[in-house]
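Chains as they are written, first to last, in this note's numbering: chain A, 14 to 478; chain B, 292 to 603.
Note sheet for the following structure.
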Amino acid sequence: MQKIFLIIKREYLTRVKKRSFLVMTILGPLLMAALFIVPVYLATRTDEEKVVDVVDETGWFIHKFENNDNYKFVPLYTDLETAKETLKSSKDHALLYIPLTQVTVPSSAILYSDGQPSINLKSYITGVMTREIENQKLAAEIKKEIQRRNPGYKSNESEETLISETILKNIKSTITLTTIKIEEGGKEAKSYTELSMAVGLFGSIMIYFFIFMFGAQVMRGVIEEKTSRIIEVIVSSVKPFQLMMGKILGIALVGLTQFLLWVLFTAAIVTVVQSAFPEKFKQNNTEQGFAPGSQMMPATQTEKKDQATAAENPSNEIFEAIHSINYGAMIGAFIFFFIGGYLLYAALFAAIGSAVDSEADTQQFMLPVTIPLIFSIVMAQYVINNPDGPLSFWLSIIPLTSPVIMMIRIPFGVPIGDLALSAGLLIAGFLGTTWLAARIYRTGILMYGKKVSYRELAKWLFYRS
Amino acid sequence: MSIITVNSVTKHYANHTALDKVSIDVPEQSIFGLLGPNGAGKTTLIRIVNQIIGPDEGEIMFMGEKLRQEHVSLIGYLPEERGLYKKMNVGEQALYLAQLKGVPRHEATKRLKVWFEKFEIQSWWNRKVEELSKGMQQKVQFIVTVIHEPRLLIFDEPFSGFDPINVNLLKEEIFEIRKNGGTVIFSTHNMASVEELCDHIALINRSRKILDGSVKAIKNTYKANLFEVEYVSVPDDLAGFLPPGFTLENTSHNEGLSNARIKLPVGASPNVLLGCLMPHLTIHAMNEIIPSMNEIFITTVNGENPEVSENL
Numbered sequence: 014m015q016k017i018f019l020i021i022k023r024e025y026l027t028r029v030k031k032r033s034f035l036v037m038t039i040l041g042p043l044l045m046a047a048l049f050i051v052p053v054y055l056a057t058r059t060d061e062e063k064v065v066d067v068v069d070e071t072g073w074f075i076h077k078f079e080n081n082d083n084y085k086f087v088p089l090y091t092d093l094e095t096a097k098e099t100l101k102s103s104k105d106h107a108l109l110y111i112p113l114t115q116v117t118v119p120s121s122a123i124l125y126s127d128g129q130p131s132i133n134l135k136s137y138i139t140g141v142m143t144r145e146i147e148n149q150k151l152a153a154e155i156k157k158e159i160q161r162r163n164p165g166y167k168s169n170e171s172e173e174t175l176i177s178e179t180i181l182k183n184i185k186s187t188i189t190l191t192t193i194k195i196e197e198g199g200k201e202a203k204s205y206t207e208l209s210m211a212v213g214l215f216g217s218i219m220i221y222f223f224i225f226m227f228g229a230q231v232m233r234g235v236i237e238e239k240t241s242r243i244i245e246v247i248v249s250s251v252k253p254f255q256l257m258m259g260k261i262l263g264i265a266l267v268g269l270t271q272f273l274l275w276v277l278f279t280a281a282i283v284t285v286v287q288s289a290f291p292e293k294f295k296q297n298n299t300e301q302g303f304a305p306g307s308q309m310m311p312a313t314q315t316e317k318k319d320q321a322t323a324a325e326n327p328s329n330e331i332f333e334a335i336h337s338i339n340y341g342a343m344i345g346a347f348i349f350f351f352i353g354g355y356l357l358y359a360a361l362f363a364a365i366g367s368a369v370d371s372e373a374d375t376q377q378f379m380l381p382v383t384i385p386l387i388f389s390i391v392m393a394q395y396v397i398n399n400p401d402g403p404l405s406f407w408l409s410i411i412p413l414t415s416p417v418i419m420m421i422r423i424p425f426g427v428p429i430g431d432l433a434l435s436a437g438l439l440i441a442g443f444l445g446t447t448w449l450a451a452r453i454y455r456t457g458i459l460m461y462g463k464k465v466s467y468r469e470l471a472k473w474l475f476y477r478s
Numbered sequence: 292m293s294i295i296t297v298n299s300v301t302k303h304y305a306n307h308t309a310l311d312k313v314s315i316d317v318p319e320q321s322i323f324g325l326l327g328p329n330g331a332g333k334t335t336l337i338r339i340v341n342q343i344i345g346p347d348e349g350e351i352m353f354m355g356e357k358l359r360q361e362h363v364s365l366i367g368y369l370p371e372e373r374g375l376y377k378k379m380n381v382g383e384q385a386l387y388l389a390q391l392k393g394v395p396r397h398e399a400t401k402r403l404k405v406w407f408e409k410f411e412i413q414s415w416w417n418r419k420v421e422e423l424s425k426g427m428q429q430k431v432q433f434i435v436t437v438i439h440e441p442r443l444l445i446f447d448e449p450f451s452g453f454d455p456i457n458v459n460l461l462k463e464e465i466f467e468i469r470k471n472g473g474t475v476i477f478s479t480h481n482m483a484s485v486e487e488l489c490d491h492i493a494l495i496n497r498s499r500k501i502l503d504g505s506v507k508a509i510k511n512t513y514k515a516n517l518f519e520v521e522y523v524s525v526p527d528d529l530a531g532f533l534p535p536g537f538t539l540e541n542t543s544h545n546e547g548l549s550n551a552r553i554k555l556p557v558g559a560s561p562n563v564l565l566g567c568l569m570p571h572l573t574i575h576a577m578n579e580i581i582p583s584m585n586e587i588f589i590t591t592v593n594g595e596n597p598e599v600s601e602n603l
């Protein structure tokens, strides 16, 4: 165990100290920050005022939406079908429909649009609705609290003293805003919030690149040990399996370090850009409705706090929207599929490295390993369009493609059973490829000057160690 | 007391047998030569002793115990295919390899300093291996092989690729190791070094051991009772002076002196030969012809597989 730790340490330190690691660490965040900043810039640029019709069956929100430079909210007091006709016949941008729910407080709304409604608009709507619901809930809770405490309640007692943690927890609400695109022929097609989609796709592309980048590093590391002829010196001290696992785990840590640094630097760059050009990220009027962190606050405080935050800390809705994604689940899934996918492929890359004498010879073995990876990234678009189709299901279950595909499916909601099955199979797949790779590796590393065929590899699997 | 005993070890590969019931016994504090033509199975045997691969049958005893993974810290191995991480610093790399053999870091640092001083290479500590000359790399390679002060050292073709200065250095160290109680196994084709260094040998050919024992004993078995006599040339034929049972193998003449090779019958004393020749000849010298390891090697291997004899 101590030896495998030594190997991990060496593999980690030699790579982290390399200049190329430093270069990647600096370049990566610049690219990633650009990925975040450019769409924000584009999304906040709107030239003309757009009209949003509002049909509110609940009556809670109809006057809560305030007009701003970009959007004008027009209340309609018709039924949904008439409103849709109005939307289609007029030049209005979108129709917000808040259906009446009998039992609970409203928690969902539908946004009909002929185009793609901007993220700003959507996050503004959800923000307003969330705040309104929370205000209502809070009022109700306070009333209850007053009744519970003392029938002879004196009104000079401040409301704030009544608010407890429990109440704050109780009033927390979320709004699901579904976007429906009304097409030319009047057909309705459901479109999902493209942001979570983008985050899913981004995650899957990251996994794809990391598997390739760091898998190839594992392979090159093995080839380096073979060509420098140090391998036999080392396997006289440690078991080949320990060496292989040490290398795979050490490089995994390099990958995680790099990823962590990227996230930190990207956040730093985005923050710097945000404060350097606040006007680009500021949505003129909408802040007064809600500000980050205000959702948990009682109404009385919110008003005061809002003015303060609006003045000091200009926020913008795209980051709000980014915050609104279920990050816990996304990050958890990302880390799991990232590590699982890497481990699965890294073992195969190690086996390839052990079977050849130089990197030039790797081609014939690389193909079957890279095909499932490339295939899954090619299928990404299809999966986005049919996240629940049978092909998407199977691609997200089979371990060779699941790390990339599952990340795309997660924002669309994946049954917990599918997720568990996929995760279980990925772990099993990792154990399987490691077992397979270890058998090829222990023979391959001692083999020189011989072109190895697939038949030969198959034979190695059955050698006794 | 033997440090390592290989007991009837067999190893098969997909389409051939690398070792066929090979048994050897390496006495402690000796230098043991593992000889054999290419492809005989020497490296396979060495890898099995180093636990890089496992035997199909048979067992190996190390210092009286069954060979286990923990024993790797008591064995040093210089493989035939050897090298170092090219992009790593010399000192850092030596420390790493020492730690892999179970030497604690501070202890390894201390020992390395001693070795680096001994070989006068202190200034290379922070240099990358790829910056060193081949000879320098070999010195580093040797140090990392012995840094954990192993009880048993295994050198596979140690002299191949070493320059003459390093070969001498290596030989001195091998004697030094034996003096300090260590045991050395080395596999080689270089018969001159076998004569010079080895106390014991085992000869492996075509996956089987065909000869083993102490070098002296083997030579004694292989000597043919052949004597060479140097004398002032005479016109007569030497054969006429020999007693019955003695045969003249050949004679050669060179500037007034002649050489004759005479085979003695079993049990006969060279004094009898001298007694017969002295009345007729002026004898300059007489000595027994002892076969070299090289000759023994070739005779034995050829006896086994005559069809390869042309190649040797």
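Virtual Cβ for every residue (Gly too), placed ideally from N, Cα, C.
All of these numbers come straight from a predicted model, not from anything done at the bench.
Establish whether the CB of A/V248 and some CB of chain B are separated by less than 8 Å.
-> At least one CB of chain B lies nearer than 8 Å to the CB of A/V248.
With 16 as the cutoff for other CB atoms within 10 Å, does A/M257 come out buried or exposed?
-> buried
Figure out for me which residue from A/F254, A/I261, A/G462 and A/F215 has the closest Cα to the Cα of A/M11.
-> In the structure as shown, chain A begins at 14 and stops at 478. Residue 11 of chain A is therefore absent and cannot be evaluated.
For A/L214 and chain B, any beta-carbon pair shorter than 8 Å?
-> no
Output the distance between the C-alpha atoms of B/G473 and B/K514, rounded to the nearest integer angstrom.
-> For the pair B/G473 and B/K514, the Cα-to-Cα distance works out to about 31 Å.
Can you give the Cα-Cα distance for B/D316 and B/R442, rounded to whole angstroms?
-> 15 Å
Alpha helix (DSSP H) runs contained entirely in the region 67-117 of chain A, provided each spans 4 or more residues | 93-102
Could you tell me whether any Cβ in chain A is nearer than 8 Å to the Cβ of B/F477?
-> no
If we ignore side chains and look at the alpha-carbon of each, how far apart do A/E147 and A/A433 end up?
-> If I take the Cα positions, the gap works out to 34 Å.
Grouping DSSP H, G and I as helix and E and B as strand, with all else coil, what is B/Y304?
-> Coil.
Checking contacts by CB at 8 Å: is A/L35 closer than that to chain B?
-> no
Using a cut-off of 8 Å between C-beta atoms, extract the partners of B/I580 located in chain A.
-> Simply none; closest approach about 41 Å.
Output the boundary residues of the alpha helix (DSSP H) element that contains A/F484.
-> Because chain A is modelled from 14 through 478, residue 484 of chain A falls outside the range shown and cannot be assessed.
Please classify A/Y110: is it buried, with 16 or more other beta-carbons within 10 angstroms of its beta-carbon, or exposed?
-> buried
CB B/E372 to CB A/Y461, shorter than 8 Å?
-> yes
Around the C-beta of B/T573, are 16 or more other C-beta atoms found within 10 angstroms, so that it is buried, or is it exposed?
-> exposed
Closest Cβ-Cβ distance between B/A305 and chain A: below 8 Å?
-> yes
Assign A/D66 to one of two classes, buried (16 or more other C-beta atoms within 10 Å of its C-beta) or exposed (fewer than that).
-> buried
Can you name, in chain order, every residue of its own chain whose Cβ lies under 6 Å from the Cβ of B/S583, other than the five neighbours on each side?
-> none
Secondary structure at A/R23, three-state DSSP: helix, strand or coil?
-> helix
Closer than 7 Å by C-beta to A/P424: which residues in its own chain qualify, once you throw out the five before and the five after it? Chain order, please.
-> S209, M210, V212 and G213
Please specify which runs of the beta strand (DSSP E), each continuous and at least 3 residues long, are wholly inside the region 304-370 of chain B, giving them in chain order.
-> 308-318, 322-326, 348-353 and 366-369
The region 308-328 of chain B contacting the region 458-475 of chain B, beta-carbon criterion three pairs below 8 Å = Segments in contact, yes.
Residue-chain proximity (B/P370, chain A), Cβ-Cβ < 8 Å | For B/P370, the answer is yes, since a Cβ of chain A falls inside 8 Å of its Cβ.
Beta-carbon of B/Q390 versus every beta-carbon of chain A: anything under 8 Å?
-> yes
CB contact below 8 Å: A/Y358 versus chain B = no
Could one say the Cβ of B/K377 lies closer than 8 Å to chain A's Cβ atoms, at least one of them?
-> yes
Meets three-Cβ-pair contact criterion under 8 Å: the region 341-350 of chain A and the region 243-262 of chain A | Because the criterion of three Cβ pairs below 8 Å is not met, the region 341-350 of chain A and the region 243-262 of chain A do not touch.
Using a beta-carbon distance cut-off of less than 9 Å, what residues from the region 445-462 of chain A approach chain B?
-> R455, T456, L459 and Y461
Would you decide whether A/W448 is buried or exposed? Buried here means 16 or more other CB atoms lie within 10 Å of its CB.
-> exposed
Three-state secondary structure (DSSP) at A/S415?
-> helix
In terms of alpha-carbon separation, which member of B/V297, B/I581 and B/F450 lies closest to B/G345?
-> B/V297
Output the distance between the C-alpha atoms of B/G504 and B/T334, rounded to the nearest integer angstrom.
-> 20 Å
Using three-state DSSP, classify B/F407 as helix, strand or coil.
-> helix
Could you say which of A/F254, A/I264, A/I236 and A/K194 lies nearest to A/G228 if we only look at CA atoms?
-> A/I264
Keeping to the same chain, check which residues put their C-beta closer than 8 Å to that of B/L517; ignore five residues upstream and five downstream.
-> E540, R552, I553, K554, L555, E579 and I580
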